[in-house]
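Residue numbers (my numbering): 80 to 597. Every residue gets a Cβ at the ideal spot worked out from N, C-alpha and C, and that includes glycine. Since we're looking at a predicted model, the values are computed, not measured.
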Ligand code: GLU
């Protein structure tokens, strides 16, 4: 029988979610949705030392903003589900609240001879490490050392059983087999083999806080939650042999998920993982949403920097996956249809901040004038500009092709709301010559006296005819007018500007430049 597709995103709430993490969640989501399966969120918070308040909510909100909506684990209000129901049968989905589940599995492994109790204190382990290092070797807790350490394999049974009762700081360790080749398959990397001699006896469960470590909790929960594919970052590839061996030890190999390890997002220049420092240096965010840490330092977020969530999702999807065609713009629906694991690349994906901006620009021009006006109104308000919404909408429709972000609207079009206070010096030197501006003033008079329909369409033709008919130099005249209206020789066409700002304001700006520059 075909297995139901169930994948999960299993973040640890240790800080804000890096954009690489969002991409992992996205690929999981696309994979699940394409197959009509389930996308589950599970919070892996068993490492209390690394817990960061607010991180869990941040992660959920980030995914929501992207439109990556889980089927299971988080409810409609964005809360991690704590009580089981038909829709969320495996609750709680926060591992710290699943605490009581894991001990029996650790004990099952001990009883079957796949794990053992270890009583070494931190000091004893440090001493063992230093002893090895002093003879130029590295310490590794495995078959080569475990019989010289304090555990249920090296100590007499009566002794370790007594320690198990008396002490509250023991752990359960996995008994990594000696010199065994673990043969694994990865959906992206293909066949991988690792010899266990390089691996250590990882701690699976700790008596001190009665909590599992990542490895045990992760395998037990993936099994209980019937996960069919594990899609995660390549930093987990070194853990894969242990995970394989754990599935075997539990006797769960028949329902073991398939694994896909995603390559890293790389720096725009140079080598290595894309980091927050790269973003700070080059001026782009690495987090989906703005984040303020405990020290009060705030990091940029794509949302607050003016990226549209669909643009962000699109650009992330293309970092490490390609459709095999030239198509670059994909809605979420299109991504779901087109995504395939065999087109996910093995090599790391270099992040290009200019391409990210390009995506936003492409998306901006497809947004409705209403949506863009809603986003622009508060910016105008903050500038102290009072403008009618209909007017703003008209402006937006004319300038949106030129902007990358809504925030650019002000730089592009402030002159449609306030008169220029400066005239660009270079443009003045180039165009503001008497032979030009004297003609421009005549054109201004023509515009002010124009009694046809005062719309762009109404005036554009007559205006051109008037200038051409007089055989005046069109470009030079228009640039003088633009200097008066915009403060520079750039900007929209004169017909657009005058009909937007109106005759009265037009007249005022002509008078103003006369007073300043003539
Ligand atoms: N909690 C792990 C993380 O934060 C999950 C790794 C996995 O998906 O197995 O990356």
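Of all the options the options, which has the alpha carbon lying nearest to the alpha carbon of residue i?
i           : options            : result
residue 557 : 520, 578, 584      : 520
residue 95  : 364, 477, 574      : 364
residue 331 : 341, 121, 184      : 184
residue 576 : 492, 484, 313      : 492
residue 218 : 187, 165, 177, 277 : 277
residue 187 : 396, 433, 572, 328 : 328
residue 324 : 390, 222, 295, 270 : 295
residue 169 : 181, 152, 157      : 152
residue 455 : 433, 435, 482      : 482
residue 318 : 338, 333, 304      : 338
residue 131 : 370, 148, 569      : 370
residue 234 : 213, 554, 196      : 196
residue 140 : 158, 438, 326, 117 : 158
residue 257 : 228, 242, 243, 220 : 220
residue 88  : 544, 101, 579      : 101
residue 531 : 504, 578, 260, 509 : 578
residue 123 : 544, 529, 176, 154 : 176
residue 149 : 129, 120, 125      : 120
residue 50  : 113, 117, 299, 240 : This structure cannot speak to residue 50, because the chain is shown only from 80 to 597.
residue 242 : 559, 198, 97       : 198
residue 487 : 503, 421, 386      : 386
residue 128 : 352, 587, 566, 293 : 293
residue 544 : 525, 559, 533, 163 : 525
residue 425 : 340, 536, 568      : 340
residue 205 : 253, 228, 192, 574 : 228
residue 342 : 103, 584, 595      : 103
Which residues does DSSP list as the beta-bridge partners of residue i?
i           : result
residue 247 : According to DSSP, residue 247 bridges with nothing at all.
residue 117 : 85
residue 159 : 153
residue 337 : 308
residue 173 : 122
residue 194 : 253
residue 352 : 345
What do you get for residue i, buried or exposed, if any count of 16 or more other CB atoms within 10 angstroms of its CB means buried?
i           : result
residue 361 : exposed
residue 346 : buried
residue 134 : buried
residue 60  : Nothing can be reported for residue 60, as the shown portion of the chain is limited to 80 through 597.
residue 514 : exposed
residue 398 : buried
residue 354 : exposed
residue 250 : buried
residue 92  : buried
residue 303 : exposed
residue 306 : buried
residue 408 : exposed
residue 549 : exposed
residue 359 : exposed
residue 450 : exposed
residue 308 : buried
residue 287 : exposed
residue 255 : buried
residue 419 : exposed
residue 597 : exposed
residue 166 : exposed
residue 98  : buried
residue 194 : buried
residue 248 : exposed
residue 574 : buried
residue 82  : exposed
residue 112 : buried
Requested in this report: Give, in chain order, every unbroken run of the beta strand (DSSP E) that is at least 3 residues long and sits entirely within the region 429-472.
Outcome: If we require 3 residues or more, the region 429-472 turns out to have no beta strand (DSSP E) run fully inside it.
Query raised in the report: What residue ranges within the region 359-426 form continuous alpha helix (DSSP H) runs of no fewer than 4 residues, ordered along the chain?
Result: The qualifying runs are 388-396, 411-417.
Requested in this report: Please list the segments of the beta strand (DSSP E) lying wholly inside the region 207-244, counting only runs of 3 or more residues, in order along the chain.
Outcome: Runs of the beta strand (DSSP E) inside the region 207-244: none found.
Query - 3-residue-minimum beta strand (DSSP E) runs that sit fully inside the region 254-320, ordered along the chain - result: Unbroken beta strand (DSSP E) runs of no fewer than 3 residues, entirely contained in the region 254-320, are found at 260-265, 269-274, 282-285, 308-312, following chain order.
Report task. Please write down, chain order preserved, every residue whose beta carbon lies under 7 Å from a heavy atom of ligand 1. Result -> Working through the chain, the matches are 89, 90, 91, 123, 293, 297, 309, 311, 312, 315.
Requested in this report: Taking only runs that begin and end inside the region 475-524, name each unbroken beta strand (DSSP E) of 3 or more residues, in chain order.
Outcome: Within the region 475-524, there are no complete beta strand (DSSP E) runs of at least 3 residues.
Query raised in the report: What residue ranges within the region 527-586 form continuous alpha helix (DSSP H) runs of no fewer than 4 residues, ordered along the chain?
Result: Correct list: 535-548, 553-565.
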